[in-house]
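Contents: one structure, followed by commentary.
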Amino acid sequence: MKFNMQKFIEDCQAALEQPEPEKVVKQLVQDAIADPEALRAAFEARGKPKTLRDAAIYRSETLSILDVTTPPGMVSPAHDHQMWAVIGVYDGAEPNEFFVGDDRGVERKSGKLLETGDVAVLGDKTIHAISNPLDRKSYAIHVYGGDIVERPGRSMWNPHTQVRENYNMEQLTQYSKDMRDIPADKHWQ
Ligand SMILES: [Fe+2]
């Protein structure tokens, strides 16, 4: 069935009634990215987001859905969400690095390369970083079990000092730009 944004939002809302909503949302995202052209058309109809904040297709206290476009070479700082997340790549690649962290830094524990058609579910305490290793833009849909744009209590790790800071979306965007000038082996240490 062709992707329908309103139906997708309603299905995600209905999933919140289930004991493990992220598992239901994982299947919804899997189905959505199975037809990447329809998904792309639905997103493009909204106009291209300029900031992470603009990328929110839907936001409520309990659910948010983002159209995430990552520019070539982008690397994000390590950060948490404090809510479950489902990431589905519909065109490109989004390698995820996973960490344990405290106030003084993060330590990388594992990684998972997400490519077109792949979906990952992140727990509410997960600390991750994403990047785009390709020489073109990558596209993913991100669904969160809360309002990812305005969630108190989140953390990010400063790529210059490695210390934990309170999450700030604009500062995170700046850090992502800074990370282009930091050698890859120094990104998270
Ligand atoms: Fe994230």
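Residue numbering for the sequence shown is 571 to 759, as defined by our numbering.
Quick reminder that beta carbons are idealized off the backbone N, C-alpha and C, glycines included.
Here the structure is a predicted model, which is why all the values come from computation and not from measurement.
Where do the N-terminal and C-terminal ends of the beta strand (DSSP E) with Val599 fall, by residue?
As a working mapping, residue 599 is identified with position 29 in the sequence shown. For Val599, no beta strand (DSSP E) segment is defined; the enclosing uninterrupted segment is the alpha helix (DSSP H) at Pro591 to Ile603.
For Ile697, report the span of its beta strand (DSSP E) as first-last.
Here residue 697 refers to the residue found at position 127 of the sequence shown. Here the beta strand (DSSP E) through Ile697 covers Ile697 to Ile700.
State the Cα-Cα distance for the pair Ser725 and Ala604, rounded to the nearest angstrom.
The residue given as residue 725 occupies position 155 in the sequence shown. The residue given as residue 604 occupies position 34 in the sequence shown. When rounded, the distance between both Cα atoms is 32 Å.
Below 8 Å CB to CB, which residues in the same chain sit around Met653 once its five sequence neighbours on both sides are set aside?
Mapped onto the sequence shown, residue 653 falls at position 83. The answer, listed in chain order, is Asp694, Tyr714, Gly715, Gly716, Ile718 and Arg721.
Helix, strand or coil at Pro606 [DSSP, three-state]:
Within the sequence shown, the letter at position 36 stands for residue 606. Here Pro606 sits in helix by DSSP.
With a Cβ-Cβ cutoff of 7 Å, do Lys679 and Asn666 count as a contact?
For the purposes of this step, residue 679 is identified with residue 109 of the sequence shown, where counting begins at 1. For the purposes of this step, residue 666 is identified with residue 96 of the sequence shown, where counting begins at 1. With respect to Asn666, Lys679 sits apart: the two C-beta atoms are not nearer than 7 Å.
How far does the beta strand (DSSP E) with Met726 in it extend, from its first residue to its last?
Sequence index remark: in the sequence shown, residue 726 carries index 156 (1-based). First-last of the beta strand (DSSP E) with Met726: Ser725 to Trp727.
Under the three-state DSSP convention, the category Val745 falls into
Within the sequence shown, numbered from 1, the residue matching residue 745 stands at position 175. According to the sequence as given, residue 745 is Tyr; it is not Val. Helix at Tyr745.
Going by alpha carbons, who is nearest to Glu592 out of Asp673, Glu677, Val689 and Arg674?
Numbered from its first residue, the sequence shown carries residue 592 at position 22. The shortest Cα separation from Glu592 among Asp673, Glu677, Val689 and Arg674 belongs to Val689.
How far does the beta strand (DSSP E) with Ile752 in it reach, from first residue to last?
Your numbering for residue 752 matches position 182 in the sequence shown. Looking at the DSSP string, Ile752 is not in any beta strand (DSSP E), and its letter there is neither H nor E.
Could you work out which residue in Lys707, Lys756 and Ile627 is closest to Gly675 when comparing CA atoms only?
Taking the first residue of the sequence shown as position 1, residue 675 is located at position 105. Cα-wise, what sits closest to Gly675 is Lys756.
Assign Pro589 to buried or exposed, taking buried as 16 or more other Cβ atoms, counted over all protein chains shown, within 10 Å of its Cβ.
The sequence position of residue 589 within the sequence shown is 19, counting from 1. Exposed, by the Cβ-count rule.
Taking Cβ positions, are Ala764 and Phe578 nearer each other than 7 Å?
This structure gives no information on residue 764, because the portion of the chain shown stretches from 571 to 759.
Using a 10 Å radius around the Cβ and a threshold of 16 neighbouring Cβ atoms, would you call Asn765 buried or exposed?
Residue 765 is absent from the structure shown; the chain starts at 571 and stops at 759.
If we call anything under 7 Å between Cβ atoms a contact, is Leu636 one with Ala625?
As a working note, residue 636 is residue 66 in the sequence shown. As a working note, residue 625 is residue 55 in the sequence shown. Contact flag set, yes.
Between which residues of its own chain and Asp581 is the CB-CB distance below 6 Å, once the five residues before and five after are set aside?
Taking the sequence shown and counting its residues from 1, the one referred to as residue 581 is at position 11. Close CB contacts of Asp581 within its chain, under the 6 Å cut and outside five residues either way in sequence, are with Leu598 (chain order).
Residue of Pro753, Ala710, Tyr709 and Phe669 minimising C-alpha distance to Gln698:
Locating residue 698 in the sequence shown gives position 128, counting from the first residue. First, the residue type needs correcting, since residue 698 is His and not Gln in the sequence shown. Of Pro753, Ala710, Tyr709 and Phe669, the residue nearest in Cα terms is Phe669.
Counted within 10 angstroms of its Cβ, other Cβ atoms place Arg734 as buried (16 or more) or exposed:
Within the sequence shown, residue 734 is the residue found at index 164, counting from 1. Under this definition Arg734 is a buried residue.
Between the Cα of Arg706 and the Cα atoms of Arg610, Asn736, Leu742 and Asp661, which residue gives the shortest distance?
Taking the sequence shown and counting its residues from 1, the one referred to as residue 706 is at position 136. Ranking Arg610, Asn736, Leu742 and Asp661 by CA distance to the CA of Arg706 puts Asp661 first.
Given Glu587, which residues of its chain have a CB within under 6 Å of its CB, disregarding the five upstream and five downstream residues?
As a first step, residue 587 must be located in the sequence shown, where it is residue number 17. If we look at Glu587 and ignore the five residues flanking it on each side, it has no Cβ neighbours.
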